[in-house]
Amino acid sequence: MFALIDCNNFYASCERLFNPKLENFPVVVLSNNDGCVIARSEEAKKLGIAMGQPYFEIKKLAEQKLVHVASSNFSLYGDISQRVMNILHYFIDEIEIYSIDEAFINLDQIKKSDLTAFGLDIRKTIKQWTGIPVSIGLGSTKTLAKAASKVAKKQPQFGGVVNFINNPAIDSWLDQIAVDDIWGIGRQYGKLLKSLNIATALDFKKLPPDWIKKNLTSAGLTTWQEINGQALVDFEKEKSQAKSIISSRSFKQPIRELGALEKLVASYTARAAEKLRADRLKAKEISVYIRTNRFNRENFYFNSTKIKLNPPTDYSPELITQAQIALKKIFKPGLPYKKAGISLTQLVDKNCIQPNLFENKNLENKKERLMRCLDKLNQKFGSKTIGSAAESFCGVSFLEQSFKSPSYTTDWQELLLVK
DNA sequence: TCTGGGGTCCTAGGACCC
DNA sequence: TCTGGGGTCCTAGGACCC
Numbered sequence: 030m031f032a033l034i035d036c037n038n039f040y041a042s043c044e045r046l047f048n049p050k051l052e053n054f055p056v057v058v059l060s061n062n063d064g065c066v067i068a069r070s071e072e073a074k075k076l077g078i079a080m081g082q083p084y085f086e087i088k089k090l091a092e093q094k095l096v097h098v099a100s101s102n103f104s105l106y107g108d109i110s111q112r113v114m115n116i117l118h119y120f121i122d123e124i125e126i127y128s129i130d131e132a133f134i135n136l137d138q139i140k141k142s143d144l145t146a147f148g149l150d151i152r153k154t155i156k157q158w159t160g161i162p163v164s165i166g167l168g169s170t171k172t173l174a175k176a177a178s179k180v181a182k183k184q185p186q187f188g189g190v191v192n193f194i195n196n197p198a199i200d201s202w203l204d205q206i207a208v209d210d211i212w213g214i215g216r217q218y219g220k221l222l223k224s225l226n227i228a229t230a231l232d233f234k235k236l237p238p239d240w241i242k243k244n245l246t247s248a249g250l251t252t253w254q255e256i257n258g259q260a261l262v263d264f265e266k267e268k269s270q271a272k273s274i275i276s277s278r279s280f281k282q283p284i285r286e287l288g289a290l291e292k293l294v295a296s297y298t299a300r301a302a303e304k305l306r307a308d309r310l311k312a313k314e315i316s317v318y319i320r321t322n323r324f325n326r327e328n329f330y331f332n333s334t335k336i337k338l339n340p341p342t343d344y345s346p347e348l349i350t351q352a353q354i355a356l357k358k359i360f361k362p363g364l365p366y367k368k369a370g371i372s373l374t375q376l377v378d379k380n381c382i383q384p385n386l387f388e389n390k391n392l393e394n395k396k397e398r399l400m401r402c403l404d405k406l407n408q409k410f411g412s413k414t415i416g417s418a419a420e421s422f423c424g425v426s427f428l429e430q431s432f433k434s435p436s437y438t439t440d441w442q443e444l445l446l447v448k
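Right, here's the structure in full:
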């Protein structure tokens, strides 16, 4: 038995915490470069603003309807997320943090007769201690718990907690959940299913498994089994080791010069390398990609290439050197590039690496100490305090964030002032 | 004019082997 | 004219998640 705790409209709710005037007003949060809408308050949803909609499409509406528009403030959201997760830990030892705004708990470890009341208690405490509203769904599988949390979010009469465990009405609720709202059914499968008149989670539940396997592959079959009450997706109490680390950005204005791209790729690589070292991993492979505007079909250019790293490394200068070599291989002069990114793949535990017979132990130790020093300085004095000259630090920002709220809880300079 | 970022998993098909 | 059978491994692309 599982419960899913899901923060409502999380980023929008975070923006409200320190700006209570926004309560009952529409709020949206934008992606990087203030490009797309990535979170909406209930009021904003009611205005018809869609998830992922480009900001320029709703700008007029937002002005007319006094929508509060916020650029994304991930240091704030990350910190509030931690506070919510800490409260869950207060109730229970083991939680599975599924995303920045969601966590599963395994109810088998709860010795309580009334699980719904337990959920209500969690919800009330999170709201009281952080100000963040959450929805909680309980189910005999993770997929059912997810579905229950959707009902909890949409049906206020349940006080934010819906229990599907031993619930005789479960099928009538599944009949009210759109098929593409099921965890594991996305846009493409949703389209396919709807074209066959399979509109709700209940319709999906009744499909023959062979058909699911054939058309939605094995992952789809797992979803079907979970909807039918067979728990296949395990509770994961330990965070699994990362398999890849990605760092990429779109540019507000297109970039044509190789030099500028080199600097950006270097800084993305430095950021990914920092994460790599924080996770005590090394990479066996680095890949780089660049692309032009994907909404301009005629002259679209995308290319990527990868380079093997032997031996595996977490040393920023080496990674940056290789990233720039890769970039030069795929760079075509004169194109208006809109995005570049790098990814580190084939990650291995840094302590489980076959050493090179001819490696210079002394030099390797020096490199490691240099990286440790770099990470410490950047931690203490702020990111990008020091770094590789290849990153330029030229002061040119390619990122636009016109509506960013202060980092109220993570930066001494930006604490909330109280009169 | 303007369109995010960071992940995981599965599968078909192509390369290779004998 | 006609051209086997049984494997493994890798990767690109496509699905999904938040």
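Just so you know, the first sequence maps onto residues 30 to 448 in this note's numbering.
Beta carbons are placed, not taken as given, at the ideal position from N, Cα and C, and that holds for glycine.
Per-residue burial, residue i [other beta carbons within 10 Å of its own, 16 or more giving buried]
i: Glu-449; result: In the structure as shown, the chain begins at 30 and stops at 448. Residue 449 is therefore absent and cannot be evaluated.
i: Tyr-218; result: buried
i: Leu-446; result: exposed
i: Tyr-84; result: buried
i: Ala-79; result: exposed
i: Ile-382; result: exposed
i: Glu-52; result: exposed
i: Trp-212; result: buried
i: Arg-309; result: exposed
i: Phe-39; result: buried
i: Cys-402; result: exposed
i: Phe-324; result: exposed
i: Asp-29; result: This structure gives no information on residue 29, because the portion of the chain shown stretches from 30 to 448.
i: Asn-115; result: exposed
Endpoints, the beta strand (DSSP E) within which residue i is located
i: Ala-260; result: First-last for Ala-260: undefined, no H or E at that position.
i: Lys-367; result: 366-378
i: Asn-192; result: 190-192
i: Cys-36; result: 31-36
i: Val-447; result: Segment: none, Val-447 is in no beta strand (DSSP E) and carries neither H nor E.
i: Leu-167; result: 163-168
Whole-angstrom distance between residue j and residue i, CA atom to CA atom
i: Ser-316; j: Pro-238; result: 38 Å
i: Phe-54; j: Gly-288; result: 45 Å
i: Leu-221; j: Pro-362; result: 41 Å
i: Phe-451; j: Ala-146; result: For the chain, the structure presents residues 30 to 448; residue 451 sits outside this window and is missing.
i: Asn-332; j: Ile-359; result: 6 Å
i: Phe-233; j: Phe-264; result: 24 Å
i: Lys-390; j: Lys-409; result: 29 Å
i: Leu-59; j: Ser-224; result: 32 Å
i: Ser-68; j: Asn-226; result: The sequence given here places Ala at residue 68; Ser does not occur at that position. The alpha-carbon atoms of Ala-68 and Asn-226 are separated by roughly 30 Å.
i: Thr-374; j: Glu-314; result: 5 Å
i: Lys-89; j: Ile-371; result: 36 Å
i: Ala-177; j: Val-377; result: 38 Å
i: Val-66; j: Ala-73; result: 10 Å
i: Gly-166; j: Asp-210; result: 14 Å
i: Gly-81; j: Ala-41; result: 14 Å
i: Glu-291; j: Phe-329; result: 21 Å
i: Glu-420; j: Asp-137; result: 50 Å
i: Lys-405; j: Asn-394; result: 17 Å
i: Gly-64; j: Val-56; result: 16 Å
i: Lys-183; j: Pro-341; result: 49 Å
i: Lys-50; j: Ser-431; result: 20 Å
i: Asn-385; j: Leu-305; result: 21 Å
i: Leu-245; j: Ile-214; result: 9 Å
i: Leu-117; j: Ile-124; result: 7 Å
i: Ala-271; j: Ala-302; result: 13 Å
Heavy atom of the ligand SAM within 7 Å of residue i beta-carbon
i: Lys-74; result: The ligand SAM is absent from the structure shown, which contains no ligands of any kind.
Boundaries of the alpha helix (DSSP H) in which residue i is found, first to last residue
i: Ile-199; result: 199-203
i: Ala-146; result: 144-159
i: Val-208; result: Looking at the DSSP string, Val-208 is not in any alpha helix (DSSP H), and its letter there is neither H nor E.
i: Glu-44; result: 39-46
Inter-stretch contact at 8 Å, needing at least 3 Cβ pairs: the segment 297-305 / the segment 334-352:
yes
Would you check if there are 3 or more beta carbon pairs closer than 8 Å linking the segment 116-135 to the segment 31-50?
yes
Does the segment 320-340 come close enough to the segment 358-372 to have 3 or more Cβ pairs within less than 8 Å?
Contact holds: three or more Cβ-Cβ distances are below 8 Å.
Sufficient close CB pairs (3 or more, under 8 Å) joining the segment 187-200 to the segment 272-285
no
Give, in chain order, every unbroken run of the alpha helix (DSSP H) that is at least 4 residues long and sits entirely within the segment 314-348.
Within the segment 314-348, no complete alpha helix (DSSP H) run reaches 4 residues.
Indicate whether the contact test is met: 3 or more Cβ pairs, each with one atom in the segment 263-282 and one in the segment 328-337, closer than 8 Å.
no
So within the segment 58-133, which uninterrupted beta strand (DSSP E) runs reach at least 3 residues, ignoring any that extend past its ends?
66-69, 97-100, 124-128
Decide if the segment 243-263 is in contact with the segment 168-178; the criterion is three or more beta carbon pairs, one per stretch, under 8 Å apart.
yes
Closer than 8 Å is the cut-off here; do at least three beta carbon pairs connect the segment 101-112 with the segment 431-448?
yes
Give the list of continuous alpha helix (DSSP H) stretches no shorter than 4 residues that lie fully inside the segment 229-286.
230-234, 238-256
Alpha helix (DSSP H) segments (min. 4 residues) lying fully within the segment 388-419:
390-410
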